[in-house]
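A quick write-up on the structure given underneath.
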Amino acid sequence: MPVAGLVPNRAENTVKPLMYGYMRAPDDVSDGELDRAVSEMQRFAETEGYCYATTFFEHQHGSRAAFDELIQELKRAEARHVVVPSFEHLSSHRLLCSSMVERLETHANAFVLTSSGT
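In terms of our numbering, the sequence shown has 83 at position 83, counting the first letter as 1, and numbering is strictly consecutive.
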C-alpha cells in the first residue's frame, strides 16, 4: 500500500518523498527564465532523491494565493519538502521571508530548500 507523500521508484524499488516547487513569476521575467528555474528545481529534487511533484507560481506582486495553495497541497499529500530557486522567491524582505518559512514549518510541517544553494 503506497504511503501518502511518497512515490515508489520501481527501478530502484525505493520510495522517494514528494517535493513541491514554489516561485514568483512576475511579468518582466521571460518564459525561458521561468523554464530554466523550474528545470533547476527539478534537477535539484532528482539529485537529492525526491520526486518533484509540481511548481506553484505566484503571478501577482504581493499575492500569496499560490503560497496558500501550496500549504493546502502539502497537507493533503502529507508531503514535507519545498524547493525554491532562492529565498527571494518567498520574499525579498527578510522578516516576511522568515515568516513564510515559519508558516510552512508550522502549518504544513515542511522544510524549505533552495536549488541555488542560497
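For every residue, glycine included, the Cβ atom is placed at its ideal position computed from N, Cα and C. Remember, it's a predicted structure, so these values are computed and weren't measured experimentally.
{"Asked": "The beta strand (DSSP E) enclosing His-81, as first and last residue numbers", "Found": "81–84"}
{"Asked": "Which listed residue (Val-83, His-59, Glu-40) has its alpha carbon closest to that of Tyr-27", "Found": "According to the sequence shown, residue 27 is Asp rather than Tyr. The shortest C-alpha separation from Asp-27 is found at His-59."}
{"Asked": "Buried versus exposed, by CB contacts within 10 Å (16 or more), Ala-125", "Found": "Not covered by the structure: residue 125. The range shown for the chain is 1 to 118."}
{"Asked": "Validate contact between the region 69–80 and the region 105–112 using beta carbons, cut 8 Å, 3 pairs", "Found": "yes"}
{"Asked": "Val-29 (DSSP reduced to helix, strand or coil)", "Found": "coil"}
{"Asked": "Selection from Leu-95, Glu-88, Val-29, Val-15 that minimises the alpha carbon distance to Tyr-22", "Found": "Glu-88"}
{"Asked": "Residues sharing a beta bridge with Arg-24, DSSP", "Found": "Glu-58"}
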